[in-house]
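> Handing you a structure now.
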Amino acid sequence: MLEKDKRVRIIAGHYGSGKTEFAVNYAVALSKNAPRVVLADLDIVNVFFRSRERRKELEEYGVRVIGSSIKQDNCDLPAVSAEIGTPAKDRACDYIIDLGGNSVGTTTLARLRPLLSRDEIDFFMVVNVNRPDTASVEGILFQKECLEYASGFQVTGFINNTNLVRESTLENLVAGDAVLREASKRTGIPIRYTSYMEEIIGRVPGRLSGERLPLKFFMREEWM
11 MLEKDKRVRI IAGHYGSGKT EFAVNYAVAL SKNAPRVVLA DLDIVNVFFR
61 SRERRKELEE YGVRVIGSSI KQDNCDLPAV SAEIGTPAKD RACDYIIDLG
111 GNSVGTTTLA RLRPLLSRDE IDFFMVVNVN RPDTASVEGI LFQKECLEYA
161 SGFQVTGFIN NTNLVRESTL ENLVAGDAVL REASKRTGIP IRYTSYMEEI
211 IGRVPGRLSG ERLPLKFFMR EEWM
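Residue numbers (this note's numbering): 11 to 234.
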């Protein structure tokens with residue numbers, strides 16, 4: 011299904027949703043069948059988990075990373091590269107945009123909005139039901155509305171990424187699926203993917219919603 015998603019994939023979500031880990035793994039998985047994959051790290055909110063800090067690893071998979079306009083990838087400065095506009099206009103590449111957390115993180119889209127055609131955009135909302143602000147259907151819907159209002163785009167798909175990092179269980183994922191199913195029912199927005207750490211959870215039953223996307227830890231060291 012990755013190849014069937016729209017050319018520009020915008021990845022957003024609440025703090026702690028795991029959206030950057032999802033975005034990085036999505037880019038790597040997509041690169042197996044797509045010749046040109048570009049990942050733009052537009053996260054100027056969270057200084058701890060930024061996809062540009064894994065630039066070297068991602069480039070080994072054939073994923074080009076656009077990050078800060080400042081060359082040091084670990085600098086805590088809200089500087090976005092002017093290069094982010096090029097893949098938006100290049101119809102020959104698959105473009106993944108990793109936003110910062112919450113609606114605040116969508117502000118960096120302002121520079122891209124005039125370059126993006128709505129009919130070639132998927133706007134994915136990554137949800138971790140174990141986070142307080144997205145633990146209920148009402149919380150998820152409120153965060154969705156905040157993201158849509160701040161970004162100017164409509165969410166086209168939910169991602170069930172319910173986890174407790176290294177303490178995650180299959181039961182967590184199943185519980186998240188139940189909550190997201192109700193959110194999906196109320197909004198008509200499909201659950202596009204269920205993502206999970208394969209080394210921790212192992213096999214996932216087919217009854218869960220969406221396509222399975224097994225993840226590996228790119229953004230966390232073993233002690234985290």
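Glycine included, C-beta positions come from ideal geometry on N, C-alpha and C.
Look up Tyr71 in the DSSP assignment and say whether it is helix, strand or coil.
Tyr71 falls in the coil class under three-state DSSP.
> Starting from the C-beta of Ala145, find all residues in its chain whose C-beta is less than 7 Å away, skip the five residues before and the five after it, and write them out in chain order.
Cβ within range, chain order: Val139.
> When the Cβ atoms of the segment 205–214 are set against those of the segment 168–186, are three or more pairs found closer than 8 Å?
A contact exists between the segment 205–214 and the segment 168–186.
> Please classify Met135: is it buried, with 16 or more other beta-carbons within 10 angstroms of its beta-carbon, or exposed?
Its Cβ being crowded by 16 or more others within 10 Å, Met135 is buried.
> Do Asp129 and Leu52 have their beta-carbon atoms positioned less than 8 Å apart in this structure?
Against a cut-off of 8 Å, the Cβ pair of Asp129 and Leu52 comes out as no contact.
> If you reduce the DSSP assignment to three classes, tell me which class Pro200 lands in.
The answer is coil: DSSP assigns Pro200 none of H, G, I, E or B.
> What does DSSP give as the partner residue(s) for Leu223 in the beta ladder?
Ser205, per the DSSP bridge assignment.
> Going along the chain, which unbroken runs of the beta strand (DSSP E) with 3 or more residues stay wholly within the segment 86–173?
Segments of the beta strand (DSSP E) lying fully in the segment 86–173: 104–109, 131–137, 167–170.
> Please tell me whether Ile20 and Phe163 are closer than 8 Å, where the distance is taken between their beta carbons.
For Ile20 and Phe163, yes; Cβs fall inside 8 Å.
> Which two residues bound the contiguous alpha helix (DSSP H) that contains Thr37?
The identity of residue 37 in the sequence shown is Ala, whereas the question assumes Thr. Here the alpha helix (DSSP H) through Ala37 covers 29–41.
> Keeping to the same chain, check which residues put their C-beta closer than 6 Å to that of Phe58; ignore five residues upstream and five downstream.
Low per-residue confidence applies at Phe58: pLDDT is 49, beneath 50, and the placement is therefore not dependable, though the value from the model is reported in the following sentence. There are no such residues.
> Buried or exposed: Gly23, going by 16 or more other Cβ atoms within 10 Å of its Cβ?
The residue is buried, with at least 16 neighbouring Cβ atoms inside 10 Å.
> Alpha carbon to alpha carbon, how far is Asn35 from Pro142? Give it in angstroms, no decimals.
Rounded to whole angstroms, Pro142 to Asn35 spans 25 Å at the Cα level.
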